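Peer 1: I have a structure here, written as structure tokens, and I will follow up with some questions on it.
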Amino acid sequence: MVDFVGAGPGAPDLITLRGQKKIEEADVIIYAGSLVNPALLEAAKPGCEIYDSAKMTLEEVIAVMERAEKEGRRIVRLHTGDPSVYGAIREQMAELEKRNIPYAVTPGVSSFCGAAAALEMEYTLPGVSQSVILTRMAGRTKVPEKESIESFAAHQATMVLFLSSGRIPELVERLIAGGYTADTPAALVYKATWPEERKWVCTLGTLAQTAEENGIDRTALVIVGDVVRQSGFERSKLYDGSFTTGFREGK
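Residue numbering for the sequence shown follows our numbering, starting at 3 and increasing by one per position.
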């Protein structure tokens, strides 16, 4: 059995209870060493085999899983944040299916949630923004043409950009070309929830300068949109005394 486990955004106590238990019970752990906080591995039992997938290919990862499965051992594949977001888990699942190896997924707290907590912000403010776009810049891994930065920027919704902090000048140029203005609020969050977490609120026009002055070129999320300002919002209808819901009558 292979358990894909979301490690959470960084802080060891932000993994789920189920994820923690899976780590404690594992005989073999393969973790994304470039992103997962190694402190999470302290919960592994003595004798647990631990592999850093940052130094491995897909084929090598599957080979470890296949061998451990034949030996009847419990396997945890530990991914940063929530494994469904930029976790590259589907290709692993496909290989496991070919080999008739069962698997399950334990979700985790994504870094975009950790970033919102760091900024003390709500992504879905009534009257400001009710949609969040999670995306990234195209790099060696392509992005579908219909999902370009410019096309998403045209919606003027809240955008959270993963894997893009190393190319911020180009990102800013494309966001503005798509419809945002230079004075659109923006935020940069480095290693959300880690002990070394750092955060900055600025504008699109000053985002590149902010990143450069602080030496940020990786492991950071970029958040763009009016919601970053956390002002100008309407009161939620859910808790409006005059609004009738399925649980109470409005007055």
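For glycine and all other residues, C-beta sits at the position ideal for the given N, C-alpha and C.
As the structure is a prediction and not an experimental result, all values here were calculated from the model.
(1) To the nearest angstrom, how far is it from the Cα of R200 to the Cα of G74?
(2) Pairing CB atoms from the stretch 164 to 183 with CB atoms from the stretch 207 to 225, are three or more of them under 8 Å?
(3) Figure out for me which residue from T247, A155, A34, R231 has the closest Cα to the Cα of D1.
(4) Contact defined as beta carbons within less than 8 Å: I believe E71 pairs with K47. What is the distance between those atoms, to the nearest angstrom?
(5) Since T186 and L206 should fall inside the 8 Å C-beta cutoff, what is the C-beta to C-beta distance between them, to a whole number of angstroms?
(6) State the DSSP-derived secondary structure class of M67, mapped to helix, strand or coil.
(7) Name the one or two DSSP bridge partners that P187 has.
(8) Span of the alpha helix (DSSP H) holding A13?
(9) In the DSSP assignment, find the unbroken alpha helix (DSSP H) run with F164 in it and report its ends.
(10) Please classify Q94: is it buried, with 16 or more other beta-carbons within 10 angstroms of its beta-carbon, or exposed?
(11) At the level of alpha carbons, what is the spacing between E215 and V230?
Peer 2: Well, looking at it:
(1) Indexing the sequence shown from 1 puts residue 200 at position 198. Indexing the sequence shown from 1 puts residue 74 at position 72. Their backbone Cα atoms lie some 43 Å apart in a straight line.
(2) yes
(3) In this structure the chain extends from 3 to 253, so residue 1 is not present and cannot be described.
(4) Counted from its first residue, the sequence shown places residue 71 at position 69. Counted from its first residue, the sequence shown places residue 47 at position 45. Actually they do not touch by this definition, with Cβ atoms about 18 Å apart.
(5) Position 184 of the sequence shown holds residue 186. Position 204 of the sequence shown holds residue 206. About 5 Å; that satisfies the 8 Å criterion.
(6) Locating residue 67 in the sequence shown gives position 65, counting from the first residue. Reduced to three states, the DSSP call for M67 is helix.
(7) Stepping through the sequence shown from its first residue, residue 187 is reached at position 185. Paired residues: T205.
(8) As a working mapping, residue 13 is identified with position 11 in the sequence shown. Note, A13: premise wrong, no alpha helix (DSSP H); not H, not E.
(9) As a working note, residue 164 is residue 162 in the sequence shown. Taken as a continuous stretch (DSSP letters only), F164 belongs to no alpha helix (DSSP H), being part of the beta strand (DSSP E) at 160 to 164.
(10) Stepping through the sequence shown from its first residue, residue 94 is reached at position 92. Buried, because 16 or more other Cβ atoms sit within 10 Å of the Cβ of Q94.
(11) Counting from 1 along the sequence shown, the entry for residue 215 is found at position 213. Counting from 1 along the sequence shown, the entry for residue 230 is found at position 228. Near 21 Å, if we compare the C-alpha coordinates of V230 and E215.
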